[in-house]
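Read through the structure below, which is laid out as structure tokens, and then see the notes.
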Amino acid sequence: MNYNHVIVALVAIIWLSLAFNNLAVFVISTIGLLFMVSKRTSKKFDWKKLVEKFYKFSLLQKLNTPNIKKPTARIIPLSTNLPIFISKPILDMPIFQKLQKKLGSQIERYIRMSGKPANSLNMIKKSMSFSVLFVIIILPIAIALGIFVTPLFFVLIILPIGIMFYPRMALGLAKSKRETAINHELAYFTKYASIMQSVEKMLYDSLVEMIGNGLFEIIETDAKMAYRNVTMFAMDIFETLNDIALHHPNRAFQSFLLSYVATAQTGGDLTNLIEREAESFFESLKENLKRYLGTATTFGEILLIILLIMPTFLIATSFLLPGGSVTLLLLVGVIGIPMMSMALIVMVDSSQPRNLNKITIGNLAFVVAIIIAVAMTSLRQAPWLVITSSVLGFALANMFNTTPQFLRIKNIENALPEFLRDVTEYRKIGYDMTISLYRLYGTRKYNKYFDKLFGMIYSQLKSGATLSGIAGIEDKSWITKLVLFILGKLADTGGGTPLTLEHLTRFVSDVTTIKKSTISALRMQMLLVYIGPIIMVFVSKTSISLLTKMSSNLSFFSNLGVGSAFAITPEFVDAINMVIVISSLAMGFVFTKVSMFTLKDTKNVAITAIIVIIAILISPYLPSIF
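Residue numbers (the working numbering): 1 to 626.
Here it is as structure tokens:
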């Protein structure tokens with residue numbers, strides 16, 4: 001018996017029964033569909049053995065057997081192929097087979113450009129199977145709800161199309177990330193490659209040796225592809241570099257690889273080539289930072305309009321009709337401002353250089369925020385005070401965890417150029433890398449954070465470890481981790497020349513100087529965040545005083561119902577305070593992202609929360625200007 005046609009017919013009957021609101025036919029056809037699927041499934045899976053296997057490892061079976069160590073059961077992931085199996089009758093139709101081949105051929109190029117190891121036909125088949133299941137399950141419900149509830153549910157009908165084309169969209173996003181994210185790594189990677197080339201290490205060797213170190217997330221994918229092509233596909237190193245370049249979406253990296261291959265095959269000077277490329281990429285990095293300073297100024301103006309001027313204008317005008325504007329204020333404060341703030345954070349993140357330092361946020365901050373929110377709610381405090389207090393608790397608890405990390409990173413990076421200059425001087429008088437570090441330790445002091453790190457490195461070297469083996473001893477500062485990694489590789493190759501170390505020292509000094517100047521230039525914008533809550537509270541206080549004065553002179557109009565429009569209710573005041581609080585906190589988070597390149601530094605958010613709480617609490621006791 002051909003079950004495929006019966007299953008398709010039953011699915012069609014289910015749709016029609018829901019469309020015509022025939023519950024009996026829907027129940028009968030659904031039972032029939034389950035029966036046919038189970039009949040067809042029984043030919044593929046031995047359900048009896050599956051049940052017996054489950055029983056063997058059930059709790060009752062374990063209680064009835066002696067305590068004997070058994071081998072671990074091997075779990076078979078049925079859920080992976082089950083959607084494909086259920087939708088197989090439809091996927092096996094000729095029209096769907098042709099569609100699978102066509103879509104699979106279209107995404108093959110995207111797979112190569114995205115750098116993802118995937119099979120195009122498997123991706124298409126899985127997405128189409130989920131699309132078919134979505135049609136079978138959701139589409140009848142969407143039709144029924146669209147007919148009997150609201151036509152808006154008919155929008156769900158287009159979702160299966162989106163599911164079917166999901167692989168192409170996902171691969172397109174992966175390709176875009178690979179194309180843009182590598183720009184943040186090129187300057188550092190090419191400098192590392194140029195230093196390695198100066199000690200006769202080819203670009204392929206530099207790629208392979210960085211695998212697993214977590215230094216370059218995007219370029220490490222290309223390194224793994226190069227290693228796979230050479231070791232598994234027996235490709236020549238220049239052939240694999242050329243292959244990666246031809247299928248790489250980033251034009252700058254593509255040009256760099258092709259230039260390297262062409263220069264190597266013609267016998268050119270590879271060291272000078274990579275050094276020139278490294279200087280070019282570093283100049284591009286500096287230009288991006290300068291461009292970001294101008295962009296950050298523009299973002300600051302946008303933030304002032306959205307998070308300060310617009311809420312202030314809304315607060316001032318809402319007093320004209322306070323009774324009817326409470327809902328509007330709550331919608332803007334609770335939904336509008338947070339959504340606009342998240343959109344701004346995404347825009348800022350896409351335009352600013354990457355912060356590769358690893359800062360960890362402890363779970364204690366979230367626990368503190370939840371406890372404060374529950375406690376303030378149980379004490380029946382105003383909603384704005386509950387929100388501000390919980391955010392303040394989170395920010396303060398997070399500060400205790402992250403501030404030492406930021407301070408450590410800052411001091412270690414400030415000492416790096418001086419440390420590298422000292423190592424270079426020892427190399428000039430003939431000491432190798434390890435002996436230079438031995439000579440430096442105990443005779444040179446930098447700061448307590450770097451001295452502590454240096455002591456850890458010294459003790460590891462004394463115990464017999466190699467410098468390249470302890471490169472990951474610093475897990476917070478990314479540039480410090482990179483420097484230790486390069487020094488370790490230089491030590492493995494004989495220590496490198498003093499000229500090589502001078503290039504590294506100058507590069508690190510330029511990077512740290514640019515980072516400090518950029519952050520200092522943007523930090524001035526935080527003053528606007530501190531003033532913002534005070535401005536909004538002042539506008540609120542002034543408007544209340546003005547309308548209170550006006551309402552006392554409108555007794556003649558109160559009989560006509562006009563004076564009631566100027567009544568200041570407690571609910572309205574709470575809504576005003578909610579807008580002030582959320583706007584102020586949003587400014588704190590967004591400006592922190594703009595100026596500090598991360599959201600994990602909550603010091604400015606804590607200061608903003610304290611200012612807004614104090615400003616709102618003391619505003620009723622301030623003298624009125626009217």
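Here a beta-carbon is modelled for each residue, glycine too, at the ideal position from N, C-alpha and C.
Every value quoted in this text rests on a predicted model; they were computed, and no experiment measured them.
In this structure, DSSP gives M578 a helical state, which the three-state scheme calls helix. Three or more Cβ pairs drawn from the segment 448 to 459 and the segment 407 to 414 lie within less than 8 Å of each other, which places the two stretches in contact.
In the three-state reduction of the DSSP assignment, L467 falls in the coil class, being assigned neither a helical nor a strand state. The alpha-carbon of L207 is positioned some 14 Å away from that of T231.
The Cβ-Cβ distance between T312 and V537 does not fall below 8 Å. Per the Cβ contact rule, the segment 188 to 199 is in contact with the segment 272 to 281 (3 or more Cβ pairs under 8 Å).
For S114, the enclosing alpha helix (DSSP H) covers residues 94 to 114. Secondary structure at N250: coil, using DSSP grouped into helix, strand and coil.
Going by C-alpha positions, A365 is about 20 Å away from F597.
Contact annotation, I535 with L308: C-beta distance approximately 7 Å; criterion of less than 8 Å satisfied. The C-alpha of G104 lies about 54 Å from the C-alpha of G532. Three or more pairs of CB atoms, one per stretch, sit closer than 8 Å, so the segment 501 to 510 contacts the segment 479 to 490. With 16 or more other Cβ atoms from the protein chains shown falling within 10 Å of its own Cβ, M433 counts as buried. The segment 157 to 170 makes contact with the segment 126 to 135; the number of CB pairs closer than 8 Å reaches 3 or more. The DSSP-derived three-state label of P117 is coil.
Contact annotation, L329 with M578: C-beta distance approximately 7 Å; criterion of less than 8 Å satisfied. Residue nearest to I335 within the set S595, T30, Y621, I582 is I582 (criterion: CA-CA distance). Bounds of the alpha helix (DSSP H) holding E418 are 383 to 428. For N119 and Q254, the gap between their C-alpha atoms comes out near 24 Å. The Cβ atoms of F238 and T190 do not sit closer than 8 Å to each other. Across the structure, F96 and N363 are spaced so that their CA atoms are roughly 49 Å apart. Taking C-alpha positions only, I616 is separated from D574 by approximately 10 Å. Excluding residues up to 5 positions away in sequence, T402, F406, T592 lie with their Cβ nearer than 7 Å to the Cβ of D601 in the same chain. About 49 Å separates the beta carbons of Y192 and I580, which is beyond the 8 Å limit, so they are not a contact pair. In terms of Cα proximity to G172, the closest of A187, T569, S341, Y110 is Y110.
An exposed status is given to M339, since fewer than 16 other beta-carbon atoms sit within 10 Å of its beta-carbon. In this structure, K515 lies away from L215, with their beta-carbon atoms at least 8 Å apart.
For the options D236, N213, L258, the alpha carbon positioned closest to that of L246 is the one of L258.
Sequence-distant partners of V155 (beyond 5 residues in either direction) whose C-beta falls short of 6 Å from its own C-beta are missing from its chain. The closest CA to that of I613, considering only Q381, V261, L599, is found on Q381. A distance below 8 Å separates the beta carbons of N229 and T240. Around the CB of E217, fewer than 16 other CB atoms lie within 10 Å, so the residue is classed as exposed.
When I618, K286, K126 are compared, the shortest CA-CA separation from R168 is found for K126.
Linking L527 to I607 through their CA atoms gives a straight-line distance of about 11 Å.
Between V423 and V605, the C-beta spacing is not below 8 Å. At the C-beta level, Y458 and R439 stay beyond 8 Å of one another.
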